[in-house]
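Inspection log for the structure reproduced underneath, given as structure tokens.
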Amino acid sequence: MSALLLIEQILNGLQSGVMLFLMAAGLTLVFGVMGLINLAHGSLYMVGAFAAAGAAAATGSFVVALVAALAAAAAAGALIEMLVIRRLYERDHLDQVLATFALILILSEGTRWLFGSFPLYLDVPDWLSGSVTLPGGIQYPLYRLAIIVVGLAVAAGLFGLISRTRLGIRIRAGEADREMIAALGVDISKLYTMVFALGAALAGLAGALVGAIQSVQVGMGEPVLILAFVVIVIGGIGSIKGAFIGALLVGLTETLGGVLLPQLFGLFMDPSAATTVGASLASMAIYILMAVVLIWRPSGLFGVRA
16 MSALLLIEQI LNGLQSGVML FLMAAGLTLV FGVMGLINLA HGSLYMVGAF
66 AAAGAAAATG SFVVALVAAL AAAAAAGALI EMLVIRRLYE RDHLDQVLAT
116 FALILILSEG TRWLFGSFPL YLDVPDWLSG SVTLPGGIQY PLYRLAIIVV
166 GLAVAAGLFG LISRTRLGIR IRAGEADREM IAALGVDISK LYTMVFALGA
216 ALAGLAGALV GAIQSVQVGM GEPVLILAFV VIVIGGIGSI KGAFIGALLV
266 GLTETLGGVL LPQLFGLFMD PSAATTVGAS LASMAIYILM AVVLIWRPSG
316 LFGVRA
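Heads up: the sequence shown begins at 16 in the numbering used here, then just goes up one per residue.
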């Protein structure tokens, strides 16, 4: 593999990683603060993608599409928290899994009823189309580079929100001792709704950004949700820093594995067979990574030890 191709694949891995972070950050916030297993988080990713595609078709503006995705996902998240999730906090995890799985079915069928069963397409705006020349003469798609920049900016903003604002202090306190901050006068119900809406907005933003790369269709959030769970297990449940590092590791492992493993097996077997075997092992690589991390640190890289 040439150095230019390796750098390009690393950038692809970073782009995949920051998108996974947007999904995993909301998931780990909800689980860390509320102790809730939310299987419907991938459906909020889908809601953001469909809202962006619908707004772009109606207005022709990609910026309006992103705003619509954020607003729709946050509103859907707040509504779901107030109507359904709020009744699950004191229930065991099995009830949470069953209820949020039901939400997946409701949101999927509701989206199909509103938009139909056929995929929608969100075009890359003209001002983000084409390629940009990076140092070393690398030609890289401008839109994918913009996704990396936006993802890193959102990550920095989220770190600042959690560590340097009053809301962030309340979120961290709620994660540590929800009864105590309720006794100190914090409206815990309002805090939970805000956290859930924030996580939903991040998922919706990820769906809108990825919607310009792949088709927007019903059920698109579930495969990403599985990867997001892998990310938070690797990084440590409840840790934003862990979600960020874990997302980058998963993104790079998946992308580089898909390129390097077929070439490695091509040294010992027929190229077509090497491609098949290498691709199969590449899809397993992130789960092997998760297993290795859990053997080394059962709580994840940045999880709190029991």
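Glycine included, every Cβ here is placed at the ideal spot set by N, Cα and C.
If contacts are defined as beta-carbon pairs under 8 Å, then Ala170 and Leu143 qualify, I think. What distance do you get, rounded to the angstrom? Your numbering for residue 170 matches position 155 in the sequence shown. Your numbering for residue 143 matches position 128 in the sequence shown. 20 Å between Cβ atoms; not a contact.
Using CA coordinates, which residue listed in Ser287, Leu217, Met284, Leu275 is at the minimum distance from Ala1? Residue 1 is absent from the structure shown; the chain starts at 16 and stops at 321.
Of all the alpha helix (DSSP H) runs that stay within the bounds of the segment 222-258, which reach a length of 4 or more residues? If only complete runs of 4 or more residues are kept, the segment 222-258 shows the alpha helix (DSSP H) at 236-250, in order along the chain.
Rounded separation between Thr74 and Tyr60 - CA only: Indexing the sequence shown from 1 puts residue 74 at position 59. Indexing the sequence shown from 1 puts residue 60 at position 45. Distance from the CA of Thr74 to the CA of Tyr60, rounded to the nearest whole angstrom, comes to 21 Å.
Reducing DSSP to helix, strand and coil, say where Tyr104 ends up. Within the sequence shown, numbered from 1, the residue matching residue 104 stands at position 89. If DSSP states are grouped into helix, strand and coil, Tyr104 belongs with coil.
Based on DSSP bridge pairs, tell me the residues matched to Pro156. Position 141 of the sequence shown, counting from 1, holds the residue named residue 156. According to DSSP, Pro156 bridges with Ser146.
With three or more C-beta pairs closer than 8 Å as the rule, is the segment 212-219 touching the segment 80-95? At 8 Å Cβ cutoff, the stretches touch.
What distance in whole Å lies between the Cβ atoms of Leu279 and Gly293, which are believed to be in contact at a cut-off of 8 Å? Translated into the one-based positions of the sequence shown, residue 293 becomes position 278. Translated into the one-based positions of the sequence shown, residue 279 becomes position 264. Yes, they are in contact, since the Cβ atoms of Gly293 and Leu279 sit about 7 Å apart, within 8 Å.
Tell me which residue opens and which closes the alpha helix (DSSP H) that Val33 is part of. Here residue 33 refers to the residue found at position 18 of the sequence shown. Per DSSP, Val33 belongs to the alpha helix (DSSP H) from 18-49.
Expected contact under 8 Å - CB spacing of Met38 and Val165 to nearest Å: Position 23 of the sequence shown, counted from the start, is the residue given in the question as residue 38. Position 150 of the sequence shown, counted from the start, is the residue given in the question as residue 165. Met38 to Val165, Cβ: 14 Å. No contact.
Skipping 5 residues on each side, what residues in its chain have a beta carbon closer than 7 Å to that of Gly145? As a working mapping, residue 145 is identified with position 130 in the sequence shown. Within the same chain, Gly145 has close Cβ partners Leu157.
May I have the straight-line CA-CA distance separating Ser254 from Gly189, to the nearest angstrom? As a working mapping, residue 254 is identified with position 239 in the sequence shown. As a working mapping, residue 189 is identified with position 174 in the sequence shown. Their Cα atoms are separated by approximately 14 Å.
With 16 other Cβ atoms within 10 Å as the buried cut-off, status of Leu120: Start at 1 with the first residue of the sequence shown, and residue 120 comes out as number 105. Leu120 is exposed by the Cβ-count criterion.
Could you check what DSSP says for Leu199 in three-state terms: helix, strand or coil? On the sequence shown, residue 199 is found 184 positions in, with the first residue counted as 1. Three-state result, Leu199: coil.
If you draw a straight line from the alpha carbon of His108 to that of Thr115, how long is it in whole angstroms? For this step, residue 108 is matched to residue 93 along the sequence shown. For this step, residue 115 is matched to residue 100 along the sequence shown. Approximately 10 Å between the Cα atoms of the pair.
Cβ shell of Val308 (< 6 Å), same chain only, five flanking positions each side left out: Translated into positions along the sequence shown, residue 308 becomes position 293. Closer than 6 Å at the Cβ level, and outside the excluded window around Val308, lie Ile249.
The ligand NAP heavy atom lying under 7 Å from the CB of Arg102: With respect to small molecules bound, the structure shown includes none, and the ligand NAP cannot be examined in it.
Among all the DSSP beta bridges, which residues are the ones paired with Leu135? For the purposes of this step, residue 135 is identified with residue 120 of the sequence shown, where counting begins at 1. In the DSSP output, where bridge partners are listed per residue, Leu135 has Val231.
Exposed or buried, which one is Val33 when buried takes at least 16 other CB atoms within 10 Å? The residue given as residue 33 occupies position 18 in the sequence shown. By the neighbour-count rule (16 or more Cβ atoms within 10 Å), Val33 is buried.
If you follow the alpha helix (DSSP H) that Phe65 is part of, which residue opens it and which one closes it? If you number the sequence shown from 1, residue 65 lands on position 50. Residues 56-74.
So the alpha helix (DSSP H) Pro286 belongs to, where does it begin and stop? The residue you call residue 286 lines up with position 271 of the sequence shown. Looking at the DSSP string, the run of the alpha helix (DSSP H) that includes Pro286 is 286-311.
Inter-residue spacing [alpha-carbon to alpha-carbon] between Ile177 and Thr291: Walking along the sequence shown from the start, residue 177 turns up at place 162. Walking along the sequence shown from the start, residue 291 turns up at place 276. For Ile177 and Thr291, the gap between their C-alpha atoms comes out near 44 Å.
Distance, Cα to Cα, Ala80 vs Ala221? If you number the sequence shown from 1, residue 80 lands on position 65. If you number the sequence shown from 1, residue 221 lands on position 206. Approximately 12 Å between the Cα atoms of the pair.
Report the option in Leu206, Leu29, Val82 whose CA atom is closest to the CA atom of Val48. Residue 48 sits at position 33 when you count from the first residue of the sequence shown. Selected option, being the one with the closest Cα: Leu206.
DSSP three-state call for Ser204: helix, strand or coil? Residue mapping note: residue 204 aligns to position 189 of the sequence shown, counting from 1. Reduced to three states, the DSSP call for Ser204 is helix.
Outcome for Arg106 when other beta-carbon atoms lying within 10 angstroms are tallied against a minimum of 16: What you label residue 106 is simply residue 91 of the sequence shown in a count that begins at 1. Arg106 is exposed by the Cβ-count criterion.
Reducing DSSP to helix, strand and coil, say where Phe211 ends up. Numbered from 1 along the sequence shown, position 196 holds the residue referred to as residue 211. Three-state DSSP puts Phe211 in a helix.
Contact belief for Phe317 with Gly257 at Cβ below 8 Å, rounded distance in angstroms: As a first step, residue 317 is located in the sequence shown; it is residue number 302 there, counting from the start. As a first step, residue 257 is located in the sequence shown; it is residue number 242 there, counting from the start. 3 Å between Cβ atoms; contact.
Over what stretch of residues does the alpha helix (DSSP H) that includes Val82 continue unbroken? As a working note, residue 82 is residue 67 in the sequence shown. Per DSSP, Val82 belongs to the alpha helix (DSSP H) from 77-98.
Exposed or buried, which one is Arg102 when buried takes at least 16 other CB atoms within 10 Å? Start at 1 with the first residue of the sequence shown, and residue 102 comes out as number 87. Answer is exposed; the Cβ neighbour count stays below 16.
Taking just the CA atoms, how far does Glu124 sit from Ser58? Taking the first residue of the sequence shown as 1, we reach residue 58 at position 43. Taking the first residue of the sequence shown as 1, we reach residue 124 at position 109. In a straight line, the C-alpha of Ser58 is about 11 Å away from that of Glu124.
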